[in-house]
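Trainee: Input: one structure, supplied below.
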Amino acid sequence: MHKLTVAEIMAGLRDKTFSSVELTEHYLQRIDRLDERFNSFITVTAEQALAQAKAADTLLANGNAQPLTGVPIANKDIFCTEGVRTSCGSKMLDNFKPPYNATVIEQFNQQGLVSLGKTNMDEFAMGSSNENSYYGACKNPWDTRTIPGGSSGGSAAAVAALLTPAATGTDTGGSIRQPAAMCGITGLKPTYGRVSRFGMIAYASSLDQGGPMARTAEDTAILLNAMAGVDYKDSTSLDVPTEDYTANLNQPLTGLRIGLPKEYFDTAGLNPEVADTVQQAIKVYESLGATVKEISLGSTELAIPAYYVIAPAEASTNLSRFDGVRYGHRCDNPVDLEDLYTRSRAEGFGAEVQRRILIGSYVLSAGFYDAYYRKAQQIRRLIKDDFTAAFNEVDVIMSPTAPNPAFKIGEKSSDPVTMYAEDIFTIGVNMAGLPGMSIPCGTVNDLPVGLQLIGNYLDESKLLNCAHMFQQATDWHTHTAADLD
Numbered sequence: 001m002h003k004l005t006v007a008e009i010m011a012g013l014r015d016k017t018f019s020s021v022e023l024t025e026h027y028l029q030r031i032d033r034l035d036e037r038f039n040s041f042i043t044v045t046a047e048q049a050l051a052q053a054k055a056a057d058t059l060l061a062n063g064n065a066q067p068l069t070g071v072p073i074a075n076k077d078i079f080c081t082e083g084v085r086t087s088c089g090s091k092m093l094d095n096f097k098p099p100y101n102a103t104v105i106e107q108f109n110q111q112g113l114v115s116l117g118k119t120n121m122d123e124f125a126m127g128s129s130n131e132n133s134y135y136g137a138c139k140n141p142w143d144t145r146t147i148p149g150g151s152s153g154g155s156a157a158a159v160a161a162l163l164t165p166a167a168t169g170t171d172t173g174g175s176i177r178q179p180a181a182m183c184g185i186t187g188l189k190p191t192y193g194r195v196s197r198f199g200m201i202a203y204a205s206s207l208d209q210g211g212p213m214a215r216t217a218e219d220t221a222i223l224l225n226a227m228a229g230v231d232y233k234d235s236t237s238l239d240v241p242t243e244d245y246t247a248n249l250n251q252p253l254t255g256l257r258i259g260l261p262k263e264y265f266d267t268a269g270l271n272p273e274v275a276d277t278v279q280q281a282i283k284v285y286e287s288l289g290a291t292v293k294e295i296s297l298g299s300t301e302l303a304i305p306a307y308y309v310i311a312p313a314e315a316s317t318n319l320s321r322f323d324g325v326r327y328g329h330r331c332d333n334p335v336d337l338e339d340l341y342t343r344s345r346a347e348g349f350g351a352e353v354q355r356r357i358l359i360g361s362y363v364l365s366a367g368f369y370d371a372y373y374r375k376a377q378q379i380r381r382l383i384k385d386d387f388t389a390a391f392n393e394v395d396v397i398m399s400p401t402a403p404n405p406a407f408k409i410g411e412k413s414s415d416p417v418t419m420y421a422e423d424i425f426t427i428g429v430n431m432a433g434l435p436g437m438s439i440p441c442g443t444v445n446d447l448p449v450g451l452q453l454i455g456n457y458l459d460e461s462k463l464l465n466c467a468h469m470f471q472q473a474t475d476w477h478t479h480t481a482a483d484l485d
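full-length UniProt numbering numbers the first residue of the sequence shown as 1 and each following residue consecutively.
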């Protein structure tokens, strides 16, 4: 059963080939037996999952089920879940059990999905490797010596290891797409505001966006149907009509105009074998009737420095609420208020989070605001303008998702700047608020390579159509790590 896609599980439940309880028990047994190798889960909610599965079976039997009723899912440990530890991968929130659900979790509950648990992640979503978790590094099922990508590495690894058919992730600078690429699965970052951020613990509020991760484009479309929509509890939520994202998956790609940004393919850090693998994938699109042209995104080289000003600045503000007073980690026996603040934050936050808080506080300070933060926001506008001009010429932009396959655990952890460079192809999408996704398109040294698809605003259906048609013509999305049973 663990090899079934979400679409196949929905059909099996509808046809009563198996029950939700049987399916849930199967996944829980796999997690219990295998996840010690991968460390993809922080919390497994077995009792709750079985109760939800039993309720789902009742709805299915009575004919009152929603499309996703009874389907298991795992959620990144950044979505507040009522009564369930929501740690954000941090010691700071190790004891935090929210009194409410994030909107995404509430939508899943209304659909009758079964939550298997909360997945591992870089602390407060800060990282590209999942090595920054208080609960230890998550490991890539394709090679447990390598990282799964981050910050949604636990979700990507759990899907890749067939411990769950799907999972949620969040993407601030590539944190859905990059781990999806490195673990050989499909991940979608919707247009900013398409999915509610209410109850999603904030890293950088103008960049964060939740989205689905699964093995196929069809599955991510099904999940986006459940996740998308306006939410008046989130002031950044887009009040625009949603659609059935599965409706146009099989549209032919004849006449599709694909743009290849020369700056992405000319960058010095791009592995030549990754570039070649992506070019082979582009040829598949040409065989399906698409045309290809080179485009320019001239501000690409400025994306990383601008991002690492804006994101830490927003993080320093968002994380100021974790002070040891209201909730979260509190130091023992503080002598005064200053000691309470200082030791609670020093003990609760890891090194990378502290680094970004310090950077953010620095660039927002009175003497440096104009020189750094304002300048970064001006660059952000240039990046957005580049994409706007490009979409006057093409329908979809394609590139590698990451410049390299998954690297060894510990290989880059001592050099943050080198680590940050892994996000070179994904950050611009967040800076502009565009939708983007990653699909598997090959392997290099037996490790997955991701193809990134970038669309215009609210163009998720077109991206999903492009991804689905590629997956109908290839089988890379069906490949799994060699030693999985």
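Positions of the beta carbon are idealized from the N, C-alpha and C atoms, including for glycine.
Keep in mind it's a predicted model, so treat the numbers as computed, not measured.
#1: So, under 8 Å CB-CB, T426 and Q452 are touching, yes? Tell me the CB distance rounded to an integer number of Å.
#2: Taking N62 as part of the alpha helix (DSSP H), name the residues at either end of that continuous run.
#3: Per DSSP, what are the beta-bridge partners of G210 in this structure?
#4: Judging by CA-CA distance, which residue of D219, G127, Y373 is the nearest neighbour of S414?
#5: Taking the alpha carbon of G211 as the point to measure from, which residue in A202, Q178, G169, A226 has its own alpha carbon closest?
#6: Using the beta-carbon count (16 or more within 10 Å), is V278 buried or exposed?
#7: For A74 and A406, I'd like the C-alpha separation in whole angstroms.
#8: One question on the structure: do A181 and V394 come within less than 8 Å of each other, judged by their Cβ atoms?
#9: What would DSSP say about C183, mapped onto helix, strand or coil?
#10: Quick check on N250: buried or exposed, where buried means 16 or more other Cβ atoms within 10 Å of its Cβ?
#11: I'd like the list of long-range same chain contacts for A421, defined as Cβ closer than 6 Å, with 5 residues on each side in sequence excluded.
#12: With DSSP collapsed to three states, give me the class of N318.
#13: On the premise that G70 lies in contact with S20, defined as a C-beta separation below 8 Å, what is that separation, rounded to the nearest angstrom?
#14: Given this structure, state the Cα-to-Cα distance separating M419 from I409, to the nearest angstrom.
#15: Assuming G436 is part of the beta strand (DSSP E), what are its boundary residues?
#16: Can you give me the C-alpha to C-alpha distance between S155 and A167, rounded to a whole angstrom?
#17: Ordered along the chain, which non-local residues of its own chain (more than five positions away) have a Cβ less than 7 Å from that of E82?
#18: Give me, in chain order, the residues of the same chain whose beta-carbon lies closer than 6 Å to that of S461; leave out the 5 immediate sequence neighbours on both sides.
#19: Can you check which of these residues, V44, D143, Q178, T342, is closest to residue 486 by C-alpha distance?
#20: Is the beta carbon of K189 sitting closer than 8 Å to the one on R197?
#21: Nearest-angstrom Cα distance between G174 and D423?
#22: Between which two residues does the beta strand (DSSP E) holding A432 run?
#23: Within its chain, find whatever has a CB closer than 6 Å to the CB of R145; leave out the 5 residues flanking it on each side and keep chain order.
#24: Below 8 Å on the Cβ atoms is my guess for V114 versus T24; work out the distance and round it to an integer in Å.
#25: Going by C-alpha to C-alpha distance, which of Y308, T478, Y327 sits closest to V353?
#26: Would you decide whether E263 is buried or exposed? Buried here means 16 or more other CB atoms lie within 10 Å of its CB.
#27: G298: which of L162, T86, D266 sits nearest, CA to CA?
#28: If you draw a straight line from the alpha carbon of V230 to that of L224, how long is it in whole angstroms?
#29: Going by alpha carbons, who is nearest to G63 out of V159, G112, N39?
#30: Among F368, S237, R321, which has the Cα closest to the Cα of R345?
#31: Whole angstroms is fine: what's the gap from D234's alpha carbon to F41's?
#32: Is the beta carbon of V84 sitting closer than 8 Å to the one on T43?
#33: In this structure, how does DSSP classify L28 when only helix, strand and coil are distinguished?
Mentor: Well, looking at it:
#1: 7 Å
#2: 46-62
#3: T170
#4: G127
#5: G169
#6: buried
#7: 22 Å
#8: no
#9: helix
#10: exposed
#11: G269
#12: helix
#13: 3 Å
#14: 12 Å
#15: 436-444
#16: 6 Å
#17: P98, P99, Y100, N101
#18: Y245, N248
#19: Lying before the first or after the last residue shown, residue 486 is absent from the chain, which here runs from 1 to 485.
#20: no
#21: 6 Å
#22: Per DSSP, A432 belongs to no beta strand (DSSP E); it is in the alpha helix (DSSP H), 427-432.
#23: K408
#24: 5 Å
#25: Y308
#26: buried
#27: D266
#28: 13 Å
#29: G112
#30: R321
#31: 28 Å
#32: yes
#33: helix
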